[in-house]
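Novice:
Residue numbers (our numbering): 2 to 108.
#1: Cβ of residue 82 within 8 Å of Cβ of residue 38?
#2: By how many angstroms is the C-alpha of residue 58 removed from the C-alpha of residue 25?
#3: For the candidate residues 16, 21 and 43, whose alpha-carbon lies nearest to that of residue 30?
#4: Residue ranges of each alpha helix (DSSP H) run of no fewer than 4 residues wholly in the stretch 20 to 64, ordered along the chain?
#5: Hey, is the stretch 47 to 57 in contact with the stretch 70 to 87, meaning 3+ C-beta pairs nearer than 8 Å?
#6: In this structure, does DSSP put residue 91 in helix, strand or coil?
#7: With a 10 Å radius around its C-beta and 16 neighbouring C-beta atoms as the bar for buried, classify residue 43 as buried or exposed.
#8: So, with DSSP's three-state summary, where would you put residue 84?
#9: Taking Cβ positions, are residue 71 and residue 40 nearer each other than 8 Å?
#10: Can you list, in chain order, the residues of its chain whose CB lies under 6 Å from that of residue 102, leaving out five sequence neighbours each side?
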């Protein structure tokens with residue numbers, strides 16, 4: 002659906018590109034816009050819960066070195082979504098954007 006395209010895929014792409022530039026402020030801004038524009042509240046909270054769980058799962062995998070930028074993002078984000086945290090994750094591991102989008106769709 003177009004909603005999926007303009008929320009999930011676009012936010013993943015924007016945060017991926019911002020993470021490559023190490024622009025944490027822009028990533029947090031994208032997350033804030035998503036939070037403010039997502040309704041109903043149940044959907045917004047579920048999306049945030051997925052983002053938080055994804056970040057915690059990555060942090061629990063000690064053998065993955067996510068780098069300083071991802072760790073700074075994980076500490077600063079208040080409203081992560083699965084798509085935005087996945088975008089930062091993919092950029093932190095230098096996964097090609099097209100490949101990251103494809104794997105996100107598969108998941």
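In this text, a Cβ means the ideal position worked out from N, Cα and C, and glycines have one as well.
Bear in mind that the values here come from a model prediction, so they are computed numbers and not experimental data.
Specialist: In short:
#1: It is not a contact, given that the beta carbons lie outside the stated cut-off.
#2: Cα to Cα, residue 25 sits roughly 21 Å from residue 58.
#3: Comparing Cα positions, the closest option is 16.
#4: Within the stretch 20 to 64, the runs of alpha helix (DSSP H) that reach at least 4 residues and sit entirely inside it are, in chain order, 25 to 38 and 42 to 61.
#5: Three or more beta-carbon pairs drawn from the stretch 47 to 57 and the stretch 70 to 87 are found closer than 8 Å, and the two stretches are therefore classed as touching.
#6: In the three-state reduction of the DSSP assignment, residue 91 falls in the helix class, which pools H, G and I.
#7: Counting every other CB atom within 10 Å of its CB across the protein chains shown gives residue 43 a total below 16, marking it as exposed.
#8: DSSP places residue 84 in helix when its eight states are reduced to three.
#9: No.
#10: Its chain contains no residue whose beta carbon lies nearer than 6 Å to that of residue 102 once the 5 sequence neighbours on both sides are disregarded.
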